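Accompanying notes for the structure given below.
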Amino acid sequence: MKTCRLVRRLSALILLAALFLPLSRCSDQTGVGTPEAGAADAAGPVQAPVQAPGSAASYTYYYAWTDFDASEPWSWLIFVVFLWPLPFLAHELLARGRAVPPWLSAIQLPLGAGSITLVYYRTFLHELWIGGYLAYIGLGAFSLALAVEIILGILRQARSRPAARPPVVRPPAAGP
Numbered sequence: 002m003k004t005c006r007l008v009r010r011l012s013a014l015i016l017l018a019a020l021f022l023p024l025s026r027c028s029d030q031t032g033v034g035t036p037e038a039g040a041a042d043a044a045g046p047v048q049a050p051v052q053a054p055g056s057a058a059s060y061t062y063y064y065a066w067t068d069f070d071a072s073e074p075w076s077w078l079i080f081v082v083f084l085w086p087l088p089f090l091a092h093e094l095l096a097r098g099r100a101v102p103p104w105l106s107a108i109q110l111p112l113g114a115g116s117i118t119l120v121y122y123r124t125f126l127h128e129l130w131i132g133g134y135l136a137y138i139g140l141g142a143f144s145l146a147l148a149v150e151i152i153l154g155i156l157r158q159a160r161s162r163p164a165a166r167p168p169v170v171r172p173p174a175a176g177p
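To convert, take the position in the sequence shown, counting from 1, and add 1; that gives the numbering used here.
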């Protein structure tokens, strides 16, 4: 249990770090040559532009807030993806020694799945970069540790319940 909590805390910190790192990148080819005018003849189609030898590709990096617009309510959702574990962990730290309600743990699994979906939506058209990798690692480790913790809690409750004992059948008392 303590190991799962430690993994979740570290995962939340990794996820927080991923917020400030580029999630993905896209290459912009500089020095791209155009096909010559005579390249399109009856023999075949026009050749695609090719990168000139020795030219370097430049990259555009996409952060979580790249398309952020404060006036759009849905723009704030990307910050929820990276910050939602923090209030849950703060609640656990403040409730030392007390059991965390099971419903609080049950809410976190769908939040993790939704967060993974939104990070995928944000990065699927581009090359995944360090922040994207960290986001996936953080969300995956958090969700896995939470699932293990929930399963261990269920098993602990099942073991703590007394087993149903069969009724005791006593032999009839022998008569005189």
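Even for Gly, the Cβ is constructed at its ideal location relative to N, Cα and C. For clarity, every value in this text was computed on a predicted model and none was experimentally measured.
query, result
"Cα-Cα, which of Y137, L87, I155, L126 is closest to S28?", "L126"
"Only counting runs of 4 or more residues, tell me where the alpha helix (DSSP H) segments fall wholly within the segment 74–158, in order along the chain.", "78–84, 86–95, 103–124"
"If we call anything under 9 Å between Cβ atoms a contact, is L17 one with Y63?", "no"
"Cα separation between A114 and F69?", "22 Å"
"Name the one or two DSSP bridge partners that R26 has.", "Y62, E128"
"So with Cβ pairs under 9 Å, would you call A174 a contact of chain C?", "This model lacks chain C altogether; it includes just one protein chain."
"Compute the Euclidean distance between the alpha carbons of G139 and P74, then round it to the nearest angstrom.", "25 Å"
"If we ignore side chains and look at the alpha-carbon of each, how far apart do Q109 and L7 end up?", "16 Å"
"Report the residue from L84, G154, A58, L112 whose alpha carbon sits nearest the alpha carbon of A103.", "Note that residue 103 is Pro in the sequence shown here, rather than Ala. That would be G154, whose Cα lies nearest to the Cα of P103."
"I need the DSSP call for T4, collapsed to helix, strand or coil.", "helix"
"Put S72 into one of helix, strand or coil per three-state DSSP.", "coil"
"As a quick exercise: from L95, L112, R171, Y60, pick the residue whose alpha carbon is nearest that of F83.", "L112"
"Go ahead and label G141 buried or exposed: buried means 16 or more other beta carbons lie within 10 angstroms of its beta carbon, across all protein chains shown.", "exposed"
"So L147 and S116 are in contact, right, with Cβ under 8 Å, and what is the actual spacing, rounded?", "The Cβ separation is near 12 Å, so there is no contact."
"Let me make sure I understand the geometry here. Which of A175, S72, M2, L20 has the alpha-carbon closest to that of W85?", "L20"
"Give me the residue from P167, T118, T61, R171 with the minimum Cα distance to E128.", "T61"
"Indicate the three-state DSSP secondary structure (helix, strand or coil) for R171 in the structure shown.", "coil"
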